[in-house]
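Visitor:
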Amino acid sequence: MSAAQQPAATVHVQAMTETEGGSLIPYTGADAASTREAIVNARVELARQRASISRAQEQARADLARKRGELDRQRREMEAQFEKERAELEAQMRPLQEQLAKMTEVMWSVDLYLGRDESLQLIRDGKPAPADTPITVRQKILVMAEESLVLMGAGQTGMDADGIPEFISWLCADDANLSRVLPEEKGVVVLVPTRVKSRSGNAFEDAARDEANSESFWLLRNGEKLYLLTVDPKLRLIDRILPNRTEFVDVFDQKLFGMKVGEPVRPGSEEWFKLEKVADARRRHYMRVMLVLKGITERTPVWHPLPEGGVDFMSVRDQDRGKIQLIQDGDQSLQLGEASETFSQWQRRLNALLRPGLRVIGDWHSEGFRDEYVRGESYRRGYHPRLYPDRIDTRPATGVPHLIEGRKDGGFVIRFERTDSVYKRNVPVPDRPGYHYVGEMPVAPKQRASCVVMASDDWVLPFDLITVPELEWFLASREERSKHFLSMVPVIRAALEAKRAEADAEREFRVLLEALLATEGAEASDAPALVDELVHWWKVAHTWSKPLNGSGSHEKKAADQILAEYRSRRAAAGDAAEDLIVAAGQTVPGVIAVARDRQGRWFAYAPSPGAHEPGVFLDVTRIRRNGSLGDTKRWQILATRTAAALHVAWQAEEWATWTHGQVRKQRLSEPERATLVAQAREQAAAAGTAICVIEFWDPKNPVERRMRAYYWVGDDPENAIVVPDESSFGWRWALTNPAIKALSWRVDAGGESPQLVATSNTGDYSFAKYADGIPWWPDDATRYSEVRPRLVWLDEPFHELVQAYRSRCAAAAKAEREERRAAETAAYRYVRPIETAIYEAQVAAVRERFEEDYGRDADDLWDAHLKSITTTTPIHSRDLWALIASAQRRGEPVVGRTLDELADAAYEAGNTAPGEWHHSRHNRVDTAGFGHLVE
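This is the structure:
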């Protein structure tokens, strides 16, 4: 018998394994069983050795952790000791550091007095002022860009630190310029280049420019002599350089220290150190400013000749003697008068009166207009929504009046000539009749471009509504320039120039008017201003946008109307009944204005009660001269020219913000709205029970107005079947259970009266669109930029029934959810024991395999072996829950049944469960070999 034919039990088997020393030890046996036993014994021995090594490693790690902890403790102790010693050293150094800081600050203050890091430049020479001229110190820090208004074309914000030479040239060019900044013969004023932040796009460059623009420059004047001084940049000056009068006395009066009044504080003296220690940072700042001025007086001949005894800026006595004069203009400005409104308010008020036929002037290269541009993407060019064509590079000319030719998108349309080219085919070849270019060629556009102007645009002024005195006042107002409109200075200047040019073109007509007004009794000295006012009134009232220097017949008509207006005003000014009329008008409920029209008739204007759109409709009541009230015309919209021509004798604040000149067909009065609502309710009632009517209207698209009515179908809400749903009447509900439907219309205002035209429902028209389960946005809720629907009619009792039904549906959904949650909880009570049984079965299988591999005497290796085994969950806990919950829902018992039985029953029932479960109904749950387990 060959070796291949020998029985397996007699085959010589040799097993090789590694000992601890790494040598191979042969284990042989007479048969396979004995060989396997030898291998098992060797494996057990190796496992024990490995466990021993693991324990040794764990012990080593524990020792290492203990030693590391000891080292950490020692490190903490050393750090604590170091902190203690450092604190002791700091305690010893603190007095020295405080003394050093004080010495450093005092040295800096003395350096300011001595003129270190100081630059003094003579920018204009001449004769000095007399010695007895007081030295004036202006408190307010001025801005070069705002005072000079030079270089306004540079980004529409004026000069910056690079333009100081231009500012000096402007300052020295005219004594009027110097008087605007520093009118006193001897004095000082501090200026900074600009307060406009740099916006180059480079953060580092912007920081450097802003730093340079905030540097202070001291303008010193002595008669005709002018000096420009710069000091240490660390002396930061922001709004003012001096305290007020009481602050000045509090700081420099040595009565603070119990000494006699009048003795000046000497720099570097003990009194100075005491004052430095007691005074706060602001007062120390003022003291250093005084030191600079004191040093200039004592070190330089800037203000020479000086009065007898000199001048000491640190002495209150010199101020009281008139040697020093303080101008506390920190809260004042060089103005022509007191204004009742700011530039922004004035601009918004007049822009609200714009209408076709008037002119506007603006800056179409301003930041605001540029921000309207929509940048392009990879496959789409950018465009400007205000322009048509929207991709042209041409813009309306800046600083030139443009005529408003129409309305569009809630704004006004101006048109302008294009300077670009358009490409066309079949362009004729010049001087070659019958020949045309091949392909497209650039040609000049035949049509003008257009631009939409909105009343809210802050880069636009209503040219025909503004007056020269108003423009001059704002241009001269220091505070207004700084706070509101520095970027509009070029436009204001252009408007002034155009206004004056137009007045020059009308000179002959204006001279004639002055003569005619003189015959009416007007004072000759008042005639020019009166003519300006009356011509402005006539142009606004008649929407006239050209100079009055053309047709003689037209000028005669204008002159007659202007004279009639003058007579009317004069008569009204001397009208003794005006007070009686105004008092009678004020008795009208809600009145906001009492005014006289061009025909001399008096009216009281009150907001129409119940108006859905505020600021539009007025009730106009006639007032007779005896003080009695006439008829009232309700739901009126005043034309802009009518409102502009009124002589308002009394007005409330609301009148100034009223929106005149609205397009009548774009607005709905309440009677008109009530008629439309009645039509909507009638159509909704034909299909069900009307609940509400809502309205959509966007001022940006005023020609489109829509309405929508919601109605109930089916049983009344009280008897309707409750459908558990927390989002009742939402868009899902509208698809699955449409108890509420909607009808939509657009409002056609083209006829004699507005009409409803049916449209299809588009967009989200679900009833519960908003948080409160309603389709309209409440009037008292937060206003957002997008336009939201508003309620115009509501059947409140029926709506309460609908909301009650919605609450019942939500309550049913909540109860169902709680019931489902309770069922889930009940089912999950079985899941954990099943998972435990599965795990125990897995462990038993692993134990059985372990005993086969290591023998029954290797219990000391079991724990380590079990830790090295990774067990997985063969059945998802949600599947276990579904099997149990499905049986519970069907009323079947769970206890005593195997997993296979539960899986079979669930499969036969379509794999459905009383909760979220996504198992396929076509496949039985795989019990992964644990189907025999019994619950």
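When we follow numbering that gives the first Met the number 0, the leftmost residue of the sequence shown carries the number 0, and every step to the right adds one.
Even for Gly, the Cβ is constructed at its ideal location relative to N, Cα and C.
The structure displayed is predicted, hence computed values, not measured ones.
Please report the residue range of the alpha helix (DSSP H) in which residue 641 lies.
Guide: From DSSP, the alpha helix (DSSP H) with residue 641 extends over 639 to 643.
Visitor: List, from N- to C-terminal side, the alpha helix (DSSP H) runs of 4 residues or more that fit wholly inside the segment 521 to 553.
Guide: The segment 521 to 553 contains these whole alpha helix (DSSP H) runs: 526 to 540.
Visitor: Taking one C-beta from the segment 681 to 689 and one from the segment 642 to 655 each time, how about it: are there three or more such pairs within less than 8 Å?
Guide: At 8 Å Cβ cutoff, the stretches do not touch.
Visitor: Taking all protein chains shown into account, decide if residue 198 is buried (16 or more other Cβ within 10 angstroms of its Cβ) or exposed.
Guide: Exposed.
Visitor: Looking at the secondary structure, which residues open and close the beta strand (DSSP E) in which residue 766 lies?
Guide: Run containing residue 766: none; DSSP gives neither H nor E here.
Visitor: Check whether the segment 466 to 477 touches the segment 439 to 448, taking contact to mean three or more Cβ pairs, one atom from each stretch, closer than 8 Å.
Guide: No, the segment 466 to 477 is not in contact with the segment 439 to 448.
Visitor: Check the C-beta distance from residue 611 over to residue 791 and give it rounded, since I have them as a contact under 8 Å.
Guide: Contact flag correct, Cβ pair sits at about 7 Å.
Visitor: Within the chosen definition, does the segment 162 to 171 reach the segment 204 to 213 through at least 3 CB pairs nearer than 8 Å?
Guide: Verdict: no, contact absent.
Visitor: Give me the residue from 543, 662, 828 with the minimum Cα distance to residue 358.
Guide: Checking every option, the nearest Cα to that of residue 358 belongs to 543.
Visitor: Based on the DSSP output, what are the partners of residue 221 in its beta bridges?
Guide: 185, 224.
Visitor: Which residue or residues does DSSP assign as beta-bridge partners of residue 739?
Guide: In DSSP, residue 739 forms a bridge with 711.
Visitor: Kindly indicate which three-state DSSP category residue 759 falls into: helix, strand or coil?
Guide: Three-state result, residue 759: coil.
Visitor: Using only CA atoms, which one of 635, 672, 669 lies nearest to residue 657?
Guide: Ranking 635, 672, 669 by Cα distance to residue 657 puts 635 first.
Visitor: Look up residue 48 in the DSSP assignment and say whether it is helix, strand or coil.
Guide: Helix.
Visitor: Within the same chain, show all residues whose beta-carbon is closer than 7 Å to that of residue 125, passing over the 5 residues directly before and after it, in chain order.
Guide: For residue 125, where only same-chain residues beyond five positions count, the Cβ hits under 7 Å are 222, 223, 224.
Visitor: Is it the case that the segment 907 to 914 contacts the segment 840 to 855, given that we only count it when at least three CB pairs across the two stretches are under 8 Å?
Guide: No: the two stretches stay apart, fewer than three of their Cβ pairs being nearer than 8 Å.
Visitor: Round the Cβ separation of residue 191 and residue 140 to the nearest angstrom and send it over; I've been treating them as touching at under 8 Å.
Guide: Rounded, the Cβ-Cβ distance is 6 Å, consistent with contact.
Visitor: Just to confirm my understanding: we take residue 84, look at its own chain, exclude 5 residues before and 5 after, and list those with CB closer than 7 Å. What are they?
Guide: Closer than 7 Å at Cβ, skipping near neighbours: no residue.
Visitor: Pick helix, strand or coil for residue 630, following the three-state DSSP scheme.
Guide: Correct three-state label for residue 630: strand.
Visitor: Among all the DSSP beta bridges, which residues are the ones paired with residue 746?
Guide: Its beta-bridge partners are 755.
Visitor: CA-CA distance, residue 605 and residue 614?
Guide: Rounded to whole angstroms, residue 605 to residue 614 spans 10 Å at the Cα level.
Visitor: Could you have a look at residue 284 and say whether DSSP puts it in helix, strand or coil?
Guide: Residue 284: helix per DSSP, three-state reduction.
Visitor: How would you call residue 933, buried or exposed, if buried means at least 16 neighbouring beta carbons within 10 angstroms?
Guide: It is exposed - the Cβ of residue 933 has fewer than 16 other Cβ atoms within 10 Å.
Visitor: Given a cut-off of 7 Å on the beta-carbon distance, is the pair residue 208 and residue 181 in contact?
Guide: Their beta carbons are not under 7 Å apart, which means residue 208 does not touch residue 181 by this criterion.
Visitor: Considering only their Cβ atoms, is the gap separating residue 766 from residue 739 smaller than 7 Å?
Guide: A contact, by the Cβ cut-off of 7 Å.
Visitor: Does the distance from the CB of residue 898 to the CB of residue 871 come in under 7 Å?
Guide: No, the pair does not count as a contact, with Cβ atoms beyond the cut-off.
Visitor: Examine the Cβ distances between the segment 344 to 359 and the segment 314 to 327 and report whether three or more of them are shorter than 8 Å.
Guide: Segments in contact, no.
Visitor: Just to confirm the assignment, what range does the beta strand (DSSP E) spanning residue 143 have?
Guide: First-last for residue 143: 143 to 147, but that is the alpha helix (DSSP H), not the beta strand (DSSP E).
Visitor: Under 7 Å between the Cβ atoms of residue 775 and residue 788?
Guide: It is a contact, given that the beta carbons lie within the stated cut-off.
Visitor: Going by DSSP, name the residue or residues bridged to residue 423.
Guide: According to DSSP, residue 423 bridges with 440.
Visitor: Let me confirm a value: residue 931 is counted as buried when at least 16 other C-beta atoms fall within 10 Å, else exposed. Which label applies?
Guide: Exposed, since its Cβ has fewer than 16 Cβ neighbours within 10 Å.
Visitor: So residue 144 and residue 157 are in contact, right, with Cβ under 8 Å, and what is the actual spacing, rounded?
Guide: The pair is a contact, with the Cβ atoms about 3 Å apart (cut-off 8 Å).
Visitor: How far does the beta strand (DSSP E) with residue 498 in it extend, from its first residue to its last?
Guide: Looking at the DSSP string, residue 498 is not in any beta strand (DSSP E); the run it does join, the alpha helix (DSSP H), is 488 to 504.
Visitor: Rounded to the nearest angstrom, what separates residue 413 and residue 363 at their Cα positions?
Guide: Residue 413 and residue 363: Cα-Cα distance of roughly 12 Å.
Visitor: Look at the alpha carbon of residue 520 and the alpha carbon of residue 356, and state the distance between them as a whole number of angstroms.
Guide: If you take the alpha carbons of residue 520 and residue 356, they lie about 34 Å apart.
Visitor: First and last residue of the beta strand (DSSP E) that includes residue 404?
Guide: Segment 401 to 407, the beta strand (DSSP E) holding residue 404.
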